Amino acid sequence: MKRVAVLTSGGDAPGMNACIRAVVRGAAYHGIEVIGIRRGYSGLILGDGIQLTSSTVSNIIQRGGTILKSARSPEFRTVEGRQKAYDYLTNRAVDGLIVIGGNGTFKGALQFVDEFSFPVIGVPGTIDNDLFGTDYTIGYDTAVNTAVEAIDKIRDTADSHERIFLIEVMGRDSGYIAIQSGIAGGAERVLLPETGVSAAELIERLRQDRNGSQSSAILVLAEGEGRGTATVVAEQIKKQSGTELDLRVTTLGHIQRGGVPSACDRILASRLGLGAVEGLLKGKQKVMVGLVNNELVYSGLQETVSRSKPISEELLRLVTILNGSAFADSRG
Ligand code: F6P
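So the sequence shown is numbered by the UniProt record's numbering: it starts at 1 and just counts up by one.
Spelled out as structure tokens, the structure:
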């Protein structure tokens, strides 16, 4: 193996740069050249590759975003697009491709490998932490920390004004950011796609809290909970409860995707980046490199894209007990 290519695709995640750096330096250690593809699969189709060396990846481990840029490429969903990508890789004598991204990125990779038998290894890079085959994805830890910082700030004003805040956190189809930021931020309620609670039940609980000692509350809502945005959920609650609940909405949005990556994310990204290079060297392909029980593990891409990663019962039980309610285990 003489040359590999690396790209970042889909939603960016803090730690992607640390991963690119580890790929480049890991490859250099084994005497392999690296081409960095700009703008994900779109750049692969257009042949937008740049040579990356150990010195070009200096000073990026601490930077959020991705120096290679990211994109979601509709053209890569076509056979013609994938053929152009393959032509580029073979013309540049690339022996293997490392794709850093999430579920959509891996679905594209899978089709590509099936059509062209080209060696591809995936690295899980998404703040959602929703990928089977790894306990954590690159960017998740930083996103949770960002959300917790925001929750702490909102709690101050919620407490002063005796208000209820519904805070929406990201996670297209998963509640990982919600459950961990909810636990760490001491949220009174965590509303998840995996479980749930009806508006009526929620109102009843909030009323009980009001009648007790608690005058403010933080509700953390996962983006993918299933009922719609925080604004929609808040409208439902307001409609059914009348004017008695002073409910405000905050959507954290893309703030969760940016920022300086945490130490955990930098270390995870570095381990997975080197793991991807060394996986290719060992002849692995059509796999994702992940970390399970703190060990590097290679799982089939097919399994990764088709299996879900449920939130553990232990965490669900924890949030239920700490909330002091049965909210995390009943959907009305
Ligand atoms: O997959 C990461 C993620 O941030 C999701 O949590 C969110 O639903 C989505 O990407 C937003 O995507 P975009 O930046 O394209 O709006």
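The beta carbon of each residue, even a glycine, is placed where N, CA and C say it ideally should be. All of these numbers come straight from a predicted model, not from anything done at the bench.
Apply the 10 Å Cβ neighbour rule to N211 and answer buried if 16 or more other Cβ atoms are within range, or exposed otherwise.
-> Taking the sequence shown and counting its residues from 1, one reaches residue 211 at position 211. By the 10 Å Cβ count, N211 comes out exposed.
Pick helix, strand or coil for Q51, following the three-state DSSP scheme.
-> Residue numbering aside, residue 51 sits at position 51 when the sequence shown is read from its first letter. The answer is strand: DSSP assigns Q51 an E or B state.
Have a look at the DSSP bridge pairing and note the partners of M1.
-> Position 1 of the sequence shown, counted from the first residue, corresponds to residue 1. In the DSSP output, where bridge partners are listed per residue, M1 has none listed.
What residues are listed by DSSP as bridge partners for R189?
-> Counted from its first residue, the sequence shown places residue 189 at position 189. R189 is bridged to L219.
CB of I127 to nearest heavy atom of the ligand F6P: below 8 Å?
-> As a first step, residue 127 is located in the sequence shown; it is residue number 127 there, counting from the start. Correct: I127 has its Cβ closer than 8 Å to the ligand F6P.
DSSP state of S73 mapped onto helix, strand, coil = Looking up residue 73 in the sequence shown gives position 73. Looking at S73 - three-state DSSP - the assignment turns out to be coil, as it is neither helix nor strand.
From which residue to which residue does the alpha helix (DSSP H) around T304 run?
-> Position 304 of the sequence shown, counting from 1, holds the residue named residue 304. Looking at the DSSP string, the run of the alpha helix (DSSP H) that includes T304 is L301 to S306.
Give the DSSP-derived three-state secondary structure of G15 in the structure shown.
-> Residue numbering aside, residue 15 sits at position 15 when the sequence shown is read from its first letter. It is coil, neither helix nor strand.
Residue-level contact to chain B via CB, V220, 9 Å cutoff | Absent here is chain B; the protein component of the structure consists of one chain.
Starting from G81 and walking both ways along the beta strand (DSSP E), at which residues does that stretch end?
-> Counted from its first residue, the sequence shown places residue 81 at position 81. Careful: G81 lies outside any beta strand (DSSP E), inside the alpha helix (DSSP H) at V79 to N91.
Can you give me the Cβ contacts of Q180 inside the same chain, cut-off strictly under 6 Å, excluding the 5 residues immediately before and after it?
-> The sequence position of residue 180 within the sequence shown is 180, counting from 1. The residues are V144.
Under the criterion of a Cβ to heavy atom distance below 8 Å, does M170 qualify as lining the ligand F6P?
-> Along the sequence shown, read from residue 1 onward, the residue named residue 170 stands at position 170. Checking the Cβ of M170 against the ligand F6P gives yes.
Look at the alpha carbon of E278 and the alpha carbon of G26, and state the distance between them as a whole number of angstroms.
-> By 1-based counting over the sequence shown, the position of residue 278 is 278. By 1-based counting over the sequence shown, the position of residue 26 is 26. Those two C-alpha atoms are separated by around 8 Å.
Check whether the Cβ atoms of R82 and G108 sit closer than 9 Å, and answer yes or no.
-> As a position in the sequence shown, residue 82 is number 82, starting the count at 1. As a position in the sequence shown, residue 108 is number 108, starting the count at 1. Taking 9 Å as the Cβ cut-off, R82 and G108 qualify as a contacting pair.
Bridge-paired residues (DSSP) for Y298 = Translated into positions along the sequence shown, residue 298 becomes position 298. DSSP output for Y298 lists V289 as bridge partner(s).
Beta-carbon proximity check, L166 vs I100, cutoff 9 Å = To locate residue 166, count along the sequence shown from 1; it is residue 166. To locate residue 100, count along the sequence shown from 1; it is residue 100. No.
How long is the line joining the alpha carbons of L191 and T320, rounded to whole angstroms?
-> Position 191 of the sequence shown, counted from the first residue, corresponds to residue 191. Position 320 of the sequence shown, counted from the first residue, corresponds to residue 320. Answer to the nearest angstrom: the Cα atoms are 11 Å apart.
May I ask you to report which of helix, strand or coil DSSP gives L274?
-> Numbered from its first residue, the sequence shown carries residue 274 at position 274. Helix, per DSSP.
Tell me whether E247 sits in a helix, a strand or coil according to DSSP, three-state version.
-> As a working note, residue 247 is residue 247 in the sequence shown. The residue you asked about is not Glu; residue 247 is Leu in the sequence shown. Correct three-state label for L247: strand.
Between the CA atoms of S215 and D159 - distance to the nearest angstrom | By one-based count along the sequence shown, residue 159 stands at place 159. By one-based count along the sequence shown, residue 215 stands at place 215. Roughly 7 Å between the two C-alpha positions.
Would K69 pass as a contact of G40 if the rule is Cβ separation under 9 Å?
-> Numbered from its first residue, the sequence shown carries residue 69 at position 69. Numbered from its first residue, the sequence shown carries residue 40 at position 40. Contact: yes.
So is the beta-carbon of G10 under 8 Å away from any non-hydrogen atom of the ligand F6P?
-> By 1-based counting over the sequence shown, the position of residue 10 is 10. It does: the Cβ of G10 is within 8 Å (strictly closer) of some heavy atom of the ligand F6P.
Extent of the continuous alpha helix (DSSP H) to which F132 belongs | Your numbering for residue 132 matches position 132 in the sequence shown. Premise fails: F132 is in no alpha helix (DSSP H) and is neither H nor E.
Taking 8 Å as the line, does the beta carbon of Q256 fall inside it for any heavy atom of the ligand F6P?
-> As a working mapping, residue 256 is identified with position 256 in the sequence shown. Q256 Cβ: within cutoff of the ligand F6P.
Run the proximity test for E223: is its beta-carbon closer than 8 Å to any non-hydrogen atom belonging to the ligand F6P?
-> Position 223 of the sequence shown, counting from 1, holds the residue named residue 223. Checking every heavy atom of the ligand F6P against the Cβ of E223, one is found closer than 8 Å.
Stretch pair the segment 197-211 + the segment 145-153: three plus CB contacts closer than 8 Å | no
When the Cα atoms are used, what is the spatial distance from A328 to G258?
-> Stepping through the sequence shown from its first residue, residue 328 is reached at position 328. Stepping through the sequence shown from its first residue, residue 258 is reached at position 258. Low confidence applies to A328: its pLDDT is 43, below 50, so where it sits in the model is not reliable enough to give any reading.
Taking the alpha-carbon positions, what's the R248 to T142 distance?
-> As a working note, residue 248 is residue 248 in the sequence shown. As a working note, residue 142 is residue 142 in the sequence shown. Answer to the nearest angstrom: the Cα atoms are 25 Å apart.
Is G122 near I98, with beta carbons less than 9 Å apart?
-> Here residue 122 refers to the residue found at position 122 when the sequence shown is read from its first residue. Here residue 98 refers to the residue found at position 98 when the sequence shown is read from its first residue. Cβ distance < 9 Å, so G122 and I98 count as in contact.
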